[in-house]
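Peer 1:
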Amino acid sequence: MKVIVICIIILMRRGSNLNIVTFGETKKFGMSRLLGTTALFATLMMASVPGAVAQTASDAVQAVNVVAGNLRTALDQVADQFGLQLVVQGDLSGIETRTLSADLSSREALQNLLSGSGYAFEFVSEDSVIIKPVATSTGDAQGTVILPEVIVSATRSRRSIATMSPSVVVIGPDQIETQSAKNSDITNVIRNNVPGFMFDDQSLIASTETFRGRDVQVLVDGVARNTPLRNSSRILSMIDIAQVESIEVIPGSNAMNGDGATGATINIITKTGEVGKNVFVVDGHVRSYTDDIGDSFSPSLTLSGSGGVGAVDLAASVTASKTGNAYDGYGNQVPSDAMLGQGGFDNAEDLNVFGKAGVTLAEGHRLFLSSEVVRFRQDIEYFSDLSTDPISVNYNAPYTGQPLEEESQYFTGGYEFDFGKIGTGDLKLFYNDSYKQAALSDYDVNYNDRQLLLPGSTTELDPLGQSVIDTVKYGVKLSTDTDLDVVYDGMTLTWGGDLTFDDVKYESVSGRDLGAPMDQEGKAVFAQLSAPVTKYVDLSGGVRYEKYDLTVDDFLRPNYLYRQGVTTIAAAQFTGGNTSYSAVTYNASAVVHWTDRFDTSLSYSEGFSIPDVGAYTRRAGVTGVALNFADIDVEASKVKTYELAARYDGTDFRTTGAVYMSTNERGDNFDSSTNTLSQEKERIIGAELTGEYDISDDTYIGALASYVEGRYDTDEDGDLDSWLPNNRIPSPFRFTGYVDSYVWGDLNMRFEGTYTAARTKIEDAKIKPSLVFNLSGNYPLLGGTARFGIENILDTSYENPAATALRGYSVAGHGRTVLIGYRREF
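Per my numbering: the sequence shown = residues 626 to 1451.
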């Protein structure tokens, strides 16, 4: 690790004009690049300075009183009491500790708390302590790692991760904090921990954030954020990572939380206060592109707190940020709206307010209420020039539209219960209200040849013609785990149901309907049975039935200018209607524990998605002929996933692997030329692999790799005759390698490189490969944690594969950024 840092510093000192050969081309760095590399060097130097004024730990005996509960909370309490700075290696989420009340030194207190947890402590200085996993010895003298019981709730039951497929991943708070050092975008945290999650397009939308070539369902505390009737896809990018406690990722199709999870389910667990542990946190960072530090300067500040008193627990956070320009690896400013209306993170202001409160009525019974308010605004200065390669900022075309905006609020209230033999679980009521305003896109003959006209006009454009997706989603969810030990020891029945209502409006800023207003009622029931068959096998299987009643209103599809006056598309009357559709989905899995270290699983699961009806009605009467909703055949598209996975947890080596195949007989997309449901039979195959090896107590290396490819039937003859398009699979192979090490005392550094392979299956639409290196670090300083992160260390010029695949034109990836931040708990 030290060698890596030294090499980077040497590289940055080569002079005011620096030549680097990258992908066969030479890049020349002038004064602005020199300033950037100087900032990079300064960042590394600051990170290596010892904390000379850090607090001093005391070995004096003190009265220690810790209540039984979360181990991390107990350790933080002891650290605060003795003035220690903790550095945690691994993930302590899910580990509990017993009550501790005695007169102890700091070492004695830590020893008592960590006893039996599989973790130990080491003082690396008088006041800095590393908490790290260790191997213990059993009676047969073989090393056995004691793993914490991690609980997963995304499947509607609270199941131990040990009883689930090895491909399931839970990203804990310590991993989130480490991964956030270089970028606070939640998608980067997921991508760096989970294979199969595709490279993002570096914009606000999630259309390219596919998993195993299919769609992702995003939940927050078990409540879906997706809006399938008119998919906005601006979801993960709007979630503030400061409110996140952990992230559960379940690969493969899954229907336990409704439609949308054909590729994976991602469940964001938000923070909950703990009584007796009152914490206030200040966290701030600044981030800039080294090509122009001043114009790209982007500050962010988070104030958060959690705790509780008596029977009441509280958690809250407020994050405000502002961003400047963005630059690519060529040194050019990145267009603010490279994705034609979807916007980006640059030149934006963001405010996220989160709060959660709970009250424990009695043991096993708790009421809670959480809320999240999001306000986002991007002020675009210029339109994009799509005629250049890659696309660029069109400085001759000032932006004339309204800002891109997000005004959303989410509320969830519920009751957690324990009724003994009836079961334990929760009843949730939720209300999601989102307003997502797109940017105005300039005319382009190849990619944007239709523009909204004023009503009745054949020449004058509507100045408020950019689109808005305004959705309201509310409902009730019941999930219950009933113990069936009387039937079979360890058997559990998970059951429940959902009632949901969606109201969708797709209109212009001026209030004109661009698509038919719609509302939909959904009803679902489910049951899942799980049981251990001896200590070596865990079996699980379930079924869910879902029914939707959809109402589509009449509306007048507005008039458009086509190819800048070549012709106009007259307004057309669309006739709405009503329909019902349903889906029954199944799942089954078997997990075999061959030894204490080695598990395998075989699973089958089904998920489904429903058509983006809004996209269909938006095209109503494009030839001037009115259409009727009866022309569309609305059915759910069911996806079946078959997976074989394995997991090995050794003393020094850990690995997981999975191979899978997903198929569907009927898709959920529309053929715009015929306004009919089109997408035919598909088959996707893939493989995923992760591995970590402990070189020493302070250093480990690791890697994530994924392969995915798919074909579909274009002529409906039953044969899979063509490769899936690039917007479904931008790259067939992705590899990330990393090294994580403690250097220069308790400075934790991580160096990583990500390679995204080319895709050449589609003629005249080949996607280029990319290779990007990143560096990040954390250091205990002044009672808090200083951090730095550098993305794209070499300022490589590359083509963003996901963005290029989505729109069909070349979009450059972002250049080198430097982030410096500090976090302090009080």
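Every residue gets a Cβ at the ideal spot worked out from N, C-alpha and C, and that includes glycine.
Quick check on DSSP: helix, strand or coil for Ala-1390?
Peer 2: Reduced to three states, the DSSP call for Ala-1390 is coil.
Peer 1: Consult DSSP for Asn-1300 and reduce its assignment to one of helix, strand or coil.
Peer 2: Confidence at Asn-1300 is low in this model, with a pLDDT of 47, below 50, so its placement is unreliable and the value that follows should be read with caution. Note: Asn-1300 maps to coil in three-state DSSP.
Peer 1: Quick one: what does DSSP say Met-863 is sitting in, helix, strand or coil?
Peer 2: Three-state DSSP puts Met-863 in a helix.
Peer 1: Taking the C-alpha atoms as reference points, what is the distance between Ser-1287 and Val-777?
Peer 2: Computed Cα separation, rounded: 23 Å.
Peer 1: Rounded to whole angstroms, what is the Cα-Cα separation between Arg-1448 and Leu-926?
Peer 2: Rounded to the nearest angstrom, the two C-alpha atoms are 10 Å apart.
Peer 1: Would you decide whether Pro-960 is buried or exposed? Buried here means 16 or more other CB atoms lie within 10 Å of its CB.
Peer 2: With 16 or more other Cβ atoms within 10 Å, it is buried.
Peer 1: For Leu-1400, which residues from the same chain have a beta carbon less than 6 Å from its beta carbon, with the 5 sequence-adjacent residues on both sides left out?
Peer 2: Hits under 6 Å: Phe-1376, Ile-1415, Ile-1418.
Peer 1: Taking the alpha carbon of Thr-1096 as the reference point, which residue from Ala-787, Glu-721, Gln-1034, Val-712 has its own alpha carbon closest?
Peer 2: It is Gln-1034 whose Cα lies nearest to the Cα of Thr-1096.
Peer 1: For the segment 873-954, which segments carrying the beta strand (DSSP E) assignment without a break, of at least 3 residues, lie completely within its bounds, in sequence order?
Peer 2: List check, beta strand (DSSP E) in window: 889-895, 904-914, 923-934, 937-947.
Peer 1: Taking the alpha helix (DSSP H) that Tyr-1447 falls in, what are its first and last residues?
Peer 2: No alpha helix (DSSP H) contains Tyr-1447, which is instead part of the beta strand (DSSP E) from 1442-1450.
Peer 1: Using three-state DSSP, classify Ser-1135 as helix, strand or coil.
Peer 2: Ser-1135 falls in the coil class under three-state DSSP.
Peer 1: On the criterion of 16 or more Cβ atoms from any shown chain inside 10 Å, does Ala-682 qualify as buried, or is it exposed?
Peer 2: Here Ala-682 scores only 42 on pLDDT, less than 50, and its place in the model should not be relied on; the value that follows carries that caveat. Buried, since its Cβ has 16 or more Cβ neighbours within 10 Å.
Peer 1: My output table needs one value for Asp-1067: the three-state DSSP class, helix, strand or coil.
Peer 2: If DSSP states are grouped into helix, strand and coil, Asp-1067 belongs with coil.
Peer 1: With contact counted as at least three CB pairs below 8 Å, one residue from each stretch, are the segment 1171-1191 and the segment 1126-1145 in contact?
Peer 2: In short, these stretches touch, since the Cβ pair count reaches three.
Peer 1: Residues in its own chain within less than 8 Å of Gly-1249 by CB, not counting five upstream and five downstream?
Peer 2: Because the pLDDT at Gly-1249 is just 47, under 50, the model does not fix this residue reliably, and the point stays unresolved.
Peer 1: Nearest CA to the CA of Val-1264: which residue from Asp-1237, Asp-1277, Val-1209, Tyr-1318?
Peer 2: Out of Asp-1237, Asp-1277, Val-1209, Tyr-1318, Val-1209 has the C-alpha closest to the C-alpha of Val-1264.
Peer 1: Where does Gln-1076 fall in DSSP's three states?
Peer 2: Reduced to three states, the DSSP call for Gln-1076 is strand.
Peer 1: Put Asp-1043 into one of helix, strand or coil per three-state DSSP.
Peer 2: Three-state DSSP puts Asp-1043 in a strand.
Peer 1: Grouping DSSP H, G and I as helix and E and B as strand, with all else coil, what is Asn-695?
Peer 2: Three-state DSSP puts Asn-695 in a strand.
Peer 1: Could you spell out the range, first to last residue, of the beta strand (DSSP E) harbouring Glu-1317?
Peer 2: Counting along the chain, the beta strand (DSSP E) containing Glu-1317 begins and ends at 1307-1319.
Peer 1: Using the C-alpha atoms, what's the distance from Phe-1001 back to Gly-956?
Peer 2: Roughly 27 Å between the two C-alpha positions.
Peer 1: Once you ignore the five residues that flank Thr-780 on each side, which residues in its own chain have a CB closer than 6 Å to its CB?
Peer 2: Closer than 6 Å at Cβ, skipping near neighbours: Met-881.
Peer 1: For the structure I just gave you, are there three or more beta carbon pairs, one from the segment 1071-1085 and one from the segment 1047-1054, closer than 8 Å?
Peer 2: At 8 Å Cβ cutoff, the stretches do not touch.
Peer 1: Which two residues bound the contiguous alpha helix (DSSP H) that contains Asp-799?
Peer 2: Asp-799 -> alpha helix (DSSP H) spans 798-804.
Peer 1: Grab the span of the beta strand (DSSP E) containing Thr-835 for me, first residue to last.
Peer 2: Note, Thr-835: premise wrong, no beta strand (DSSP E); not H, not E.
Peer 1: Using a 10 Å radius around the Cβ and a threshold of 16 neighbouring Cβ atoms, would you call Gln-967 buried or exposed?
Peer 2: With 16 or more Cβ atoms within 10 Å of its Cβ, Gln-967 is classed as buried.
Peer 1: Is the segment 1367-1386 touching the segment 862-870 in the sense that three or more CB pairs, one from each, lie closer than 8 Å?
Peer 2: As far as the Cβ criterion goes, the segment 862-870 does not touch the segment 1367-1386, which means the pair count is below three.
Peer 1: Could you please give the first and the last residue of the uninterrupted alpha helix (DSSP H) stretch that includes Thr-1176?
Peer 2: Where Thr-1176 is concerned, there is no enclosing alpha helix (DSSP H), although the beta strand (DSSP E) it sits in stretches over 1162-1177.
Peer 1: Could you give the DSSP three-state label for Val-1397: helix, strand or coil?
Peer 2: The answer is strand: DSSP assigns Val-1397 an E or B state.
Peer 1: Report the partner residues of Asn-690 according to the DSSP bridge assignment.
Peer 2: In the DSSP output, where bridge partners are listed per residue, Asn-690 has Ser-726.
Peer 1: Starting from Asn-737 and walking both ways along the beta strand (DSSP E), at which residues does that stretch end?
Peer 2: Not the beta strand (DSSP E): Asn-737 falls in the alpha helix (DSSP H), residues 731-739.
Peer 1: Please report the Cβ distance between Ala-1283 and Ala-1330, rounded to the nearest whole angstrom; I am assuming they are in contact, meaning their Cβ atoms lie under 8 Å.
Peer 2: Contact doesn't hold; Cβ gap of about 11 Å is too wide.
Peer 1: Enumerated in chain order, which unbroken segments of the beta strand (DSSP E) with a length of 3 residues or greater are wholly contained in the segment 1328-1377?
Peer 2: As far as the segment 1328-1377 is concerned, its whole beta strand (DSSP E) runs of at least 3 residues are 1358-1368.
Peer 1: Can you tell me the Cα-Cα spacing of Gly-901 and Tyr-744, whole angstroms?
Peer 2: Going from the Cα of Gly-901 to the Cα of Tyr-744 covers about 24 Å.
Peer 1: With DSSP run on the structure shown, which of helix, strand or coil describes Leu-1431?
Peer 2: Here Leu-1431 sits in helix by DSSP.
Peer 1: Among the residues of its own chain, which have a CB less than 6 Å from the CB of Val-814, if the five just before and after it don't count?
Peer 2: The answer, listed in chain order, is Ile-801, Gln-804.
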